[in-house]
Amino acid sequence: MMWACLLLPHLALDGILRRRSTNGPLVLVDGAANARTVVAANDSARAAGLRVGQRLTAAQALLAQFDAVPYDPQGVEKWHRFLAAIAYRYSSEVCLLPHAIVLEVSKSMGLFGPWPRLESLLRADLTDLGFRHRIAAAPTPHTAYVLAGVSDGQAVLTADVMRRALRHVPILKSRLPASAASLPGMGIRTLGQLMALPRDGLRRRFGAELLATLDRLTGDIPSGLENFRPPDVFDLRVELLHDVENQAMLVFPVRRMTADLAAYLAGRDGGVQRFLLRLEHRDGRYTDVPVGLLAAERDAGLLFEFARGRLEHVVLPEPVIALRLIARDLPAFVPTGRDLFDERPANALPMAQLRERLRARLGDSAVYQLGSTTDPRPERAQQVAATANVALEAHPRPTWLLDRPIPLRGMAPLILSGPERLETGWWDDGEVCRDYYVVETAQGQQAWAFCPPGEQVGWMIHGWFA
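If you read the sequence shown in this note's numbering, its first letter stands for residue -10, the second for the next number, and so on.
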C-alpha cells in the first residue's frame, strides 16, 4: 500500500485569508478576554513585528491598525472536512489526522499516473483553494504523517526505505504520545535510537501506548484510523469581516464559495441541479437567492456566473454580515459530449450552458422554448412555454411557425423529407387535411410546407427552419 499525507500547518489562518481580497495585517487570537494571545499571523503582520505567542495588548502597542480574528475551532474542523471531501476525488480511503489528511493512493496511481504526477495534482488543488500544505508519501499513513512534518515532498516507496527514513526522524517531530516527552532529556533524540532499545524496558517505563505508536509507524499493527465519507449535502457558511451594503462587494466571496462547491462536486464525481445562496443580516434575518439549473453542472466558472446573475437582480434590504451556500440536489454529472471533429469555435458554449446563462442574466420568465399540445394542427400544436424538461416533437417542426400559411412562389422546391399526413379538426369546423414536407427552396432556405394530398402543386409555406 501507499499512503499520501496532506499536512495543513496553517489551516485556521488559511481559512480566514482565503475569503479576504486584501493583504493587510491579520492575526488569530485565542484565550481569555483579558489575556488574549496571538496564535497565528499572516505575512504582513509578521513583517510588522507581530508573532505567535504574543499578547494582543503587546501587538496593539507595536501596530495600531490590524485585524484580530478570534480562533474558531469549529471553523477549523469545517475546513478540515471540506478538504477531506476534496481528497476523496483521488481515493476512496481517506482518513483524518490532526491538521492533516491521509489517503491510500496505490490504486489511484493506476488512474492518475505515477506518484510525481499525483502529487502535482494534489498540490494544484490545494493551492487553487488557497491552503498552504506539505505532502509526503509512505507505505503507512502514520509514517507519511511524520515525514510530512519533517520534509515537504519526501516519498519513500518501500518498507525497507521507510524504516531507514524513520531512523533519522528527531523525537521532537515523531508525533509520539505525551509519555515520551522525557526521551530527549535521556539522550534519545531520534527514532532510530528509540527503536534500538529493548521493548520490555520501554513498556515498563513508558507504557504500551508508545510501543503501539511505533508499531503503527512501521505497519506491524493496523493504523486504527476510520475512513472519512463526504456528506451528501454541501453547506458552507462564510462570515464577512465587515458589513457589506453593495452587491459588488459580494462578488469575491461568492466566487470563492462556488469554486469550493465545484471542487466538492468533483470530489464526489457529481453535479448540482440547484443551490441556495443565503445572504444573512443582523438579528437572524436573511435574504435567499435560489439558483436553479435545468441540468447538472459542476464547472466553477459557470456556477459563479449563474450565482452572480441571480445576485444582480437582488436588492439588499440591509447590510450583509455572512454568506451561506446550501446545495442539497446533487445528481450524477454527465459531461457534455462533443464530436471528434467538432467545428464549433473553441469558446462556443453548448446550448444547455447558453440557456442557463440567459436564464441567470434575464430571469426565468424571459427564456422560452417550444412545447407541444395534444392538438396536431400546426396553428395550435405548438405553444410557448417556460424552459423545462418537456418532451420534444417526434417529427421535425420549424423554429419559426408562421401565423398563417403563405404561398410558395417560383420554382418547385426540393423535397427533403415527408410526407407527414395531418387530417384533423372535424369536431370544431376547422377541419384540415394536409401533407407536410420539409423542403428546400430555390434560394436554399429550408421550409415546412404542405400541399393538397396526392398533389405536388399549390405549395403553401407554414414555417421556416433555422
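In this text, a Cβ means the ideal position worked out from N, Cα and C, and glycines have one as well.
Fair warning: this is a prediction, and the values are worked out from it, not measured in the lab.
Nearest by alpha-carbon distance to residue i: which of the options is it?
i	options	result
S485	F439, I395, L397 and R398	Because the chain spans -10 through 455 in this model, residue 485 falls outside it and cannot be assessed.
P159	A144, A137, V145 and T147	A137
P402	R393, M449 and R423	M449
L266	L282, D258, A296 and A248	A296
P166	L203, S212, A185 and Y275	L203
A29	A21, G4, V243 and G259	G4
Y79	F71, A113, S97 and R70	S97
A285	R35, V135 and A255	A255
D155	K162, L180, L172 and L15	One point to set straight first is that residue 155 is Leu, not Asp, in the sequence displayed. Out of K162, L180, L172 and L15, L180 has the C-alpha closest to the C-alpha of L155.
L456	L15, V41 and Q262	Only positions -10 to 455 of the chain appear in this structure, which leaves residue 456 out of reach.
E228	D114, F241 and P103	F241
N216	W416, S109, P130 and I395	P130
G64	A1, R9 and I395	A1
A22	S171, F454 and A57	A57
S433	R410, G399 and R274	Correcting the residue identity first, residue 433 is Gly in this sequence and not Ser. Here the closest residue by C-alpha is G399.
P394	P408, V421 and W416	V421
L471	A289, L300, L347 and E307	A question about residue 471 goes unanswered here, because the residues of the chain that appear run from -10 up to 455.
V233	L161, A311, M184 and V303	A311
H88	H69, D249 and P14	H69
Y275	R257, R35 and L314	L314
A248	F223, R317, A53 and C(-6)	F223
Quick check on the burial criterion: 16 or more other C-beta atoms within 10 angstroms. Buried or exposed for residue i?
i	result
P128	buried
I404	exposed
C84	buried
G99	exposed
H157	exposed
N378	Note that N378 has pLDDT 45, beneath the 50 cutoff, so the model's placement of it is unreliable and the number below is only indicative. With fewer than 16 other Cβ atoms within 10 Å, it is exposed.
G447	exposed
P187	exposed
L381	Only weak support exists for where L381 lies, its pLDDT of 44 falling under 50; the coordinates are left without a value.
W437	buried
E412	exposed
V309	buried
T388	exposed
L146	exposed
F195	buried
N31	buried
M(-10)	exposed
T26	buried
P62	exposed
T11	exposed
M175	exposed
A374	Confidence at A374 is low in this model, with a pLDDT of 49, below 50, so its placement is unreliable and the value that follows should be read with caution. Result: exposed.
S163	buried
W416	exposed
H451	buried
T46	exposed
D114	buried
I210	exposed
E108	buried
P14	buried
D221	exposed
A125	buried
H122	buried
From what residue to what residue does the alpha helix (DSSP H) around residue i run?
i	result
M246	V240 to R257
A126	Note, A126: premise wrong, no alpha helix (DSSP H); beta strand (DSSP E) at R123 to A127.
P130	P130 to V139
E108	W104 to L118
L397	First-last for L397: undefined, no H or E at that position.
L100	M98 to F101
Between residue i and residue j, which are expected to be in contact by the criterion C-beta below 8 Å, what is the C-beta distance as a whole number of angstroms?
i	j	result
L319	Q236	The Cβ separation is near 27 Å, so there is no contact.
T430	L397	7 Å
G281	A321	Not really, about 18 Å apart at Cβ, beyond 8 Å.
Y77	P219	5 Å
L225	M238	Between M238 and L225 the Cβ distance is about 18 Å, and since that is not below 8 Å, they are no contact.
L39	F120	The Cβ separation is near 22 Å, so there is no contact.
V94	Y134	Their Cβ separation, rounded to whole angstroms, is 14 Å, which puts V94 and Y134 out of contact at 8 Å.
L161	P173	7 Å
By the DSSP assignment, the beta strand (DSSP E) with residue i in it spans what residues?
i	result
Q7	Note that residue 7 is Arg in the sequence shown here, rather than Gln. Where R7 is concerned, there is no enclosing beta strand (DSSP E), given that its DSSP letter is neither H nor E.
L(-5)	W(-8) to L(-4)
G452	M449 to W453
A148	Here A148 belongs to no beta strand (DSSP E); instead the alpha helix (DSSP H) covers A148 to R156.
G407	L403 to T413
W437	Q435 to C440
I90	A89 to E93
V145	V145 -> no beta strand (DSSP E), and no H or E assigned at all.
R386	Segment: none, R386 is in no beta strand (DSSP E) and carries neither H nor E.
Just checking residue i against the ligand SAM - is the residue's beta carbon closer than 7 Å to any of the ligand's heavy atoms?
i	result
R121	Absence of the ligand SAM from the depicted structure is noted, as is the absence of any ligand whatsoever, leaving it without description.
Checking contacts by CB at 8 Å: is residue i closer than that to chain D?
i	result
R7	The chain inventory of the structure shown lacks chain D, comprising one protein chain alone.
Item to complete: Would you list, in sequence order, the uninterrupted alpha helix (DSSP H) runs of no fewer than 4 residues that lie entirely inside the stretch 10 to 83?
Response: Runs of the alpha helix (DSSP H) inside the stretch 10 to 83: 32 to 36, 45 to 51 and 62 to 76.
Item to complete: Counting only runs of 4+ residues fully inside the stretch 163 to 230, write out the alpha helix (DSSP H) ranges in chain order.
Response: Counting only runs of 4+ residues, the alpha helix (DSSP H) found wholly inside the stretch 163 to 230 occupies 180 to 184, 188 to 195 and 197 to 207, in chain order.
Worksheet entry | Within the stretch 277 to 324, ranges of the beta strand (DSSP E) (whole runs, at least 3 residues) | Complete beta strand (DSSP E) runs here, min 3: 309 to 318.
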